[in-house]
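To keep things clear, I will list the structure first and then write my remarks on it.
In the UniProt record's numbering, the protein residues as written are 1 to 143.
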């Protein structure tokens, strides 16, 4: 009986050693895994901190963008108003220039008559001077 028991005991101890070697291996892998997990979690914390920072900058940027777009809309409404006024002014300018061209054609026509009149006046004055010089020299010879 004792021998039988000892053979079972040896068998049990052999299985126990075998089990303990697996257990040591498993615990070593578990330590390695936990070490890698800590390393990963430190990177994850860093990433989340950068992500929070990025999202806060993004919110700030979007707020500035909304402000800019609102200003741009306001500016464009003023620009539309200005361009509408400019179109209106240009239509008046075209009308004025057309009137000016018309007036200048009349002025040219008038100046041609004035030149003709002044030429006639010079001609008449030359006759008048001649007549007055004759009158001055001998008034009794007048016809």
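A virtual CB, placed ideally from N, CA and C, is assigned to each residue, including glycine.
- A straight-line Cα-Cα distance of about 60 Å links residue 39 and residue 80.
- Between the alpha carbons of residue 132 and residue 118 lies a distance of about 20 Å.
- Counting only the Cα atoms, residue 15 lies some 11 Å from residue 22.
- For residue 1, the secondary structure class from DSSP, reduced to helix, strand or coil, is coil.
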